[in-house]
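Numbering (my numbering), first residue to last: -15 to 151. Notes for the one structure printed next.
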Amino acid sequence: MSEPVTAPPDRAQYGVCAFLAVVGVLVMIDAARTDPATNSNDPIGPRPVPILIGALLLVVAVAYTIDVARGGRGEPEGGEDVDPGSPIDWRTVALVIAAFALNAVLIEPLGWVISGSLLFWGTAFALGARRHLVSLAVAVTLALATFYGFAIGLGVALPAGILQGIL
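Right, here's the structure in full:
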């Protein structure tokens, strides 16, 4: 009987481990250099979250290094069921670019809800959605959700445009 052949370790994965560790250290150094200003609205200050993220990146780097050293290998991506030799669908690419360009032009005068709705609906149309009323309803819902999510959740005001005073 012959022994099963094991694949050699993928040394490139150690590069990924090192990259994660370097990013973790840089994030922690940058956070430590941040002004520790606190106020009554933010008694913790801006340091803890980046330090936590940097520490978690270091933990992931160490865990990933151990996994690679023990012979762990990622599953190769199966990919999509797409023929790589097929030509590019330039119509779809152009429609998506047009939806983004239209959003960029209309966001200030019409506001995010209208321009975002056109962006989401236009992108869905370009990618093959053919239930136009359903797509439009989903697009308006997404635009409203992001508008209020930014306004209430993050305190960032997106342009209201012609709907100023209504939203």
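Positions of the beta carbon are idealized from the N, C-alpha and C atoms, including for glycine.
Straight-line gap, residue i to residue j (C-alpha atoms, nearest Å)
| i | j | result |
| --- | --- | --- |
| Leu111 | Leu128 | 22 Å |
| Leu79 | Ile150 | 31 Å |
| Leu120 | Leu41 | 40 Å |
| Gln(-3) | Ile146 | 52 Å |
| Ala108 | Asp(-6) | 40 Å |
| Trp96 | Phe131 | 7 Å |
| Leu94 | Val77 | 25 Å |
| Pro34 | Ala2 | 19 Å |
| Arg114 | Arg57 | 41 Å |
| Phe104 | Phe84 | 9 Å |
| Leu10 | Leu4 | 10 Å |
| Ala45 | Gln148 | 48 Å |
| Ile81 | Pro68 | 22 Å |
| His116 | Asn87 | 19 Å |
| Val89 | Gly106 | 14 Å |
For residue i, the first and last residue of its enclosing alpha helix (DSSP H)
| i | result |
| --- | --- |
| Leu41 | 32 to 53 |
| Ile91 | 74 to 94 |
| Asp67 | No alpha helix (DSSP H) contains Asp67, which DSSP labels as neither H nor E. |
| Ile13 | -4 to 16 |
| Ala121 | 116 to 132 |
Own chain partners of residue i with C-beta closer than 8 Å, once the 5 adjacent residues on each side are dropped
| i | result |
| --- | --- |
| Ala39 | Gly8, Met12 |
| Ala21 | Gly29, Pro30 |
| Val0 | Tyr48 |
| Ala16 | Arg31, Ile35 |
| Ala135 | Ala141, Leu142 |
Same chain, Cβ closer than 7 Å to residue i, neighbours up to 5 away in sequence not counted
| i | result |
| --- | --- |
| Ile91 | Ser99, Pro143 |
Close-in-space but distant-in-sequence residues of the same chain around residue i (CB under 6 Å, 5 per side omitted)
| i | result |
| --- | --- |
| Ser101 | Ala123, Val124, Ala127 |
| Gly137 | none |
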